[in-house]
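Student:
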Amino acid sequence: MEPENKISPEMAVAEADVRSEESGEVVRGTSLWRDAWRRLLKNKLAVFGLVVVAIVTIASIIGPTVIKSAFGFTPDYIPTNDVRLIRSFPPFTGPNGEFSWAHPMGTDNAGRDQLARVLQGGQISLFVGIISTLVSLIIGVSYGAIAGYVGGRVDNVMMRVVDVLYSLPYVIVVIVLLSMFRSQTPRGQLTLLFIALGSVSWLTMARIVRGQVLSLKNQEFVLAARATGVSGPRIVFRHIVPNTLGPVIVYATLTIPQIMLTEAFLSFLGFGVQAPLASWGSLAADGVQNIAIFPWQLIFPGVTMALTLFSLNFLGDGLRDALDPQMRTT
Amino acid sequence: MFRFIIRRLLITIPTILVVISITWVLIKLAPGNFYSGEKRLPAAIEKSIREKYGLDKPWYQQYGKTMWNIVRHLDFGTSLRFEGQSVNTIIRRSLPVSAAIGILAYLLALIVGVTIGSIAALKQNSRWDYTSMALAMLGISVPNFVLGPILVLIFSLSLYWLPPSRWGGFPSRNLILPVLTLSAIYMAYIARLTRAGMLEVLRSDYIRTARAKGLSEKDVLIKHALRGGLMPVISYTGPALAFLLTGTVVVERIFALPGLGNYFIQASLNRDEPLIIGIVAFISITLLFMNLLVDIAYAYLDPRVRYH
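For the protein sequence lines, the chains are R and P, in the order given. The first sequence finishes on residue 1232 if you use this note's numbering, and the numbering steps up by one all the way, no holes. The second sequence finishes on residue 417 if you use this note's numbering, and the numbering steps up by one all the way, no holes.
Dropping the structure here:
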């Protein structure tokens, strides 16, 4: 074969562009991401999820400030001039039983505004979900990428370790960890929570990344990188890992609600977030005490949380369908 | 197959010992101990109690004794909090409670989940499919500690149909609400898994062959499709059991049931070290053996799977 007949990919693309220019059409190549975004927007449930998650996130971030400027109370404001025994009022009710806009979700036992508390709890819940997912992302991606790239016996041992860890009652171990090392400060306990939750939820991520790396590492661009003398770690983290981004993003989106659920579960049992900080789980735990008399104390944090998790799950499913149509399983 | 079981057992037993050791190390590394609570004991009394439980010995002797008793006699010692009761007695007493709600919840989830999932798969993209999958997503998203109290609010505190809490013996109306609360999430997961598995199987060649042979649709679905379609559900059983165990912790807490989970939470809050180690070990053992059983069942049901 003569060298002149070979057309490099760049040339072929250039030629195609010229051709489309000749025919007068504007042809724009679609990137993977733009294509995925378009497919995501077609999925009504995913869009619903996206919108709800956006609303809840924004409301959690700016809500407490807005309430403070509108009504003048912070999430931890306790009406000290109210000396009555019962300070928990139903939604849209003022201190004397009249209709009022001040507390759309009612008030809790101490007379604090529930809406402000739920929004502040949302900050903590979302924060824990995102940070712990990042922790699990870092561990899982590194572990999976190394196992997949090195391969052979190392891979075998590393994946066997994952198999063993999979079958452990990790939430039980986390409870032991959190209760034994109970921090004196709420901030310390929160940090402990990130570490504990992140370090037990990387297993699936490691498996997914390993599988991706196994199929990528024998491709030509890796060979090319190796031929030009790129070092092993650099090949893994600069050339291979960026190519696994699609499944990683999808799985990370699905990890956030799982971690938020685990956090809520731990806070509900009293091992997670400590007062004065509150998350949806600890608010629900407080509400359960009074379920018979003041049901709104449980229902509002609980329903807000369920709605957020519901939306995050739909968003994750939608992203999976959009980014990787092959992966459609459950 | 036999070699596979032996090899898995060879991994399982060290794993259990590692879990027990991790728990032991976590407990010993943590600051404070059982006696550093609010009620301080006089020094002399604390000293004699520590001697009685062997807590005055160096750490390696304590570790060695704990592990030896567990390995040799499956003896986890005496609870510090519940004086005079051995950990084994407490586990034996609380296990039936947890097992009853756990097994009932799993069976309920299996029956309802498989039915809903199969219907959704057979009528893919129909209204049935969308409704049941949205409901399943709801089931996954509503935390059981929210669902449980809401069910109590509706069925006990408003309608007065069912008792709101407490243990009432094995077949009793007290079981209904805890079992429903616990099974909701697995029902949802199993429905989703069954649907996915069935969708894949219904397109496969062996189903076409079965239809081509002239089998009735009922036989094709029940004898051929369901067996293949349930494989994801069976492989989910392992993680489901882990979930189930953590789920029982919350459900026992909400409904004030004297089960393993409730004792575990109390033990963790009180730093009742032998009881913590005993329950963690018991749960790990159960979980790992269940996983082994699941793998064996998998090999029997799916002729493509061969262990060597």
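Yeah, the Cβ is synthetic: ideal placement off N, Cα and C, and Gly gets one too. Remember, it's a predicted structure, so these values are computed and weren't measured experimentally.
In whole angstroms, give me the CA-to-CA distance for Val389 (chain P) and Ile200 (chain P).
Tutor: Cα-Cα distance, rounded: 11 Å.
Student: Could you tell me which chain P residues have their CB closer than 8 Å to the CB of Asn1215 (chain R), listed as they occur along the chain?
Tutor: Chain P residues near Asn1215 (chain R): Met246, Ile249 and Ser250.
Student: By the 7 Å beta-carbon criterion, what residues does the stretch 1060 to 1077 of chain R contribute toward chain P?
Tutor: Those residues of the stretch 1060 to 1077 of chain R that come within reach of chain P (Cβ to Cβ, closer than 7 Å) are Val1066, Ser1069, Leu1070, Pro1071, Val1073, Ile1074, Val1075 and Ile1077.
Student: Using a beta-carbon distance cut-off of less than 9 Å, what residues from the stretch 1189 to 1212 of chain R approach chain P?
Tutor: Result list: Gly1189, Val1190, Ile1193, Ala1194, Pro1197, Leu1200, Ile1201, Pro1203, Gly1204, Val1205, Met1207, Ala1208, Leu1209, Thr1210, Leu1211 and Phe1212.
Student: If you reduce the DSSP assignment to three classes, tell me which class Glu923 (chain R) lands in.
Tutor: For Glu923 (chain R), the predicted model reports a pLDDT of 49, less than 50, meaning its position is unreliable and no value from the coordinates is stated.
Student: According to the neighbour-count rule (16 or more other Cβ atoms, all chains shown, within 10 Å of its Cβ), is Lys1119 (chain R) buried or exposed?
Tutor: By the neighbour-count rule (16 or more Cβ atoms within 10 Å), Lys1119 (chain R) is buried.
Student: Is it true that the stretch 170 to 183 of chain P meets the stretch 313 to 331 of chain P, where meeting means three or more beta-carbon pairs spaced less than 8 Å apart?
Tutor: These segments do not touch.
Student: Suppose the cutoff is 6 Å on Cβ atoms and the five residues either side in sequence are ignored; what does the same chain contact list for Glu923 (chain R) look like?
Tutor: Low confidence applies to Glu923 (chain R): its pLDDT is 49, below 50, so where it sits in the model is not reliable enough to give any reading.
Student: CA-CA distance, Gly1134 (chain R) and Arg1128 (chain R)?
Tutor: In a straight line, the C-alpha of Gly1134 (chain R) is about 8 Å away from that of Arg1128 (chain R).
Student: Under 8 Å: do the stretch 1196 to 1203 of chain R and the stretch 372 to 389 of chain P share three or more Cβ pairs, one atom per stretch?
Tutor: Too few Cβ pairs lie closer than 8 Å, so no.
Student: In the DSSP assignment, the alpha helix (DSSP H) including Val196 (chain P) goes from what residue to what residue?
Tutor: Looking at the DSSP string, the run of the alpha helix (DSSP H) that includes Val196 (chain P) is Val196 to Leu231.
Student: Figure out for me which residue from R:Ala1194, R:Ala1177, R:Ser1117 and R:Phe1170 has the closest Cα to the Cα of Gly1183 (chain R).
Tutor: Comparing Cα-Cα distances from Gly1183 (chain R) to each of R:Ala1194, R:Ala1177, R:Ser1117 and R:Phe1170, the minimum goes to R:Phe1170.
Student: Using a Cβ cut-off of 9 Å (strictly closer), state whether Asp1233 (chain R) contacts chain P.
Tutor: No information on residue 1233 (chain R) is available, as it lies outside the stretch 903 to 1232 that chain R covers here.
Student: Please confirm whether Gly306 (chain P) and Leu339 (chain P) have their CB atoms less than 9 Å apart.
Tutor: Yes; because the gap between Cβ atoms is below 9 Å, this pair is in contact.
Student: Answer with yes or no whether the minimum CB distance from Leu1017 (chain R) to chain P is below 9 Å.
Tutor: Answer no: the Cβ-Cβ gap between Leu1017 (chain R) and chain P never drops below 9 Å.
Student: Taking 6 Å as the limit between beta carbons, can you name the residues of its chain near Ile394 (chain P), skipping five residues before and five after?
Tutor: Hits under 6 Å: Ile125.
Student: What residues in its chain sit with their C-beta under 6 Å from that of Leu1039 (chain R), if we drop five residues either side in the sequence?
Tutor: For Leu1039 (chain R), where only same-chain residues beyond five positions count, the Cβ hits under 6 Å are Ala1154.
Student: Relative to chain P, which residues along the stretch 1162 to 1174 of chain R have a C-beta separation below 8 Å, given in chain order?
Tutor: Here the close residues are Leu1163, Ala1166, Phe1167, Phe1170, Leu1171, Gly1172 and Phe1173.
Student: Can you name the residues of chain P whose CB is closer than 7 Å to the CB of Ala1186 (chain R)?
Tutor: Going along chain P in sequence order, the residues near Ala1186 (chain R) (Cβ under 7 Å) are Phe254 and Val255.
Student: Within the continuous alpha helix (DSSP H) that includes Asn371 (chain P), where are the two ends?
Tutor: Run containing Asn371 (chain P): Leu369 to Asn379, per the alpha helix (DSSP H) assignment.
Student: Return the CA-CA distance between Val1066 (chain R) and Asn1011 (chain R), expressed in angstroms with no decimal places.
Tutor: Rounded to whole angstroms, Val1066 (chain R) to Asn1011 (chain R) spans 45 Å at the Cα level.
Student: Looking at the C-beta of Gly1147 (chain R), does it have a partner C-beta in chain P at a distance below 9 Å?
Tutor: Reading the sequence as shown, one finds Leu at residue 1147 (chain R) and not Gly. So, not an interface residue.
Student: Let me see if you follow: with CB-CB separation under 9 Å, is Pro140 (chain P) close to chain R or not?
Tutor: True, the Cβ-Cβ gap to chain R drops below 9 Å.
Student: Quick one: which chain R residues come within Cβ less than 8 Å of Thr355 (chain P)?
Tutor: Simply Pro1071, Val1073, Ile1074 and Phe1167.
Student: Straight-line CA distance for Ala972 (chain R) to Pro993 (chain R)?
Tutor: For Ala972 (chain R) and Pro993 (chain R), the distance between alpha carbons rounds to 17 Å.
Student: Can you give the Cα-Cα distance for Ile343 (chain P) and Arg117 (chain P), rounded to whole angstroms?
Tutor: Approximately 18 Å between the Cα atoms of the pair.
Student: Could you give the first and the last residue of the continuous alpha helix (DSSP H) run that contains His1005 (chain R)?
Tutor: Where His1005 (chain R) is concerned, there is no enclosing alpha helix (DSSP H), given that its DSSP letter is neither H nor E.
Student: Let me know the secondary structure DSSP gives Thr187 (chain P) once reduced to three states.
Tutor: Three-state DSSP puts Thr187 (chain P) in a strand.
Student: For Asp1065 (chain R), which three-state DSSP category applies?
Tutor: Three-state DSSP puts Asp1065 (chain R) in a helix.
Student: To be precise: take each residue of the stretch 389 to 415 of chain P, compare its Cβ to all Cβ atoms of chain R, and keep it if any distance is under 8 Å. Which residues remain?
Tutor: Within the stretch 389 to 415 of chain P, the qualifying residues are Val389, Ile392, Ser393, Leu396, Leu397 and Asn400.
Student: If you reduce the DSSP assignment to three classes, tell me which class Asp165 (chain P) lands in.
Tutor: In the structure shown, Asp165 (chain P) sits in coil (DSSP, three-state: anything other than H, G, I, E or B).
Student: Within 10 Å of its beta-carbon, does Thr240 (chain P) have 16 or more other beta-carbons around it, so buried, or fewer, so exposed?
Tutor: With fewer than 16 other Cβ atoms within 10 Å, it is exposed.
Student: In whole angstroms, what separates the C-alpha of Leu952 (chain R) from that of Thr1210 (chain R)?
Tutor: The straight-line gap from Cα to Cα measures roughly 10 Å.
Student: Do Leu1225 (chain R) and Ser1148 (chain R) come within 9 Å of each other at the CB atom, strictly closer than that value?
Tutor: It should be pointed out that residue 1148 (chain R) corresponds to Gly in this sequence rather than to Ser. For Gly1148 (chain R) and Leu1225 (chain R), yes; Cβs fall inside 9 Å.
Student: Can you say whether Gln1025 (chain R) is buried or exposed, counting buried as having 16 or more other CB atoms within 10 angstroms of its CB?
Tutor: Gln1025 (chain R) should be labelled buried.
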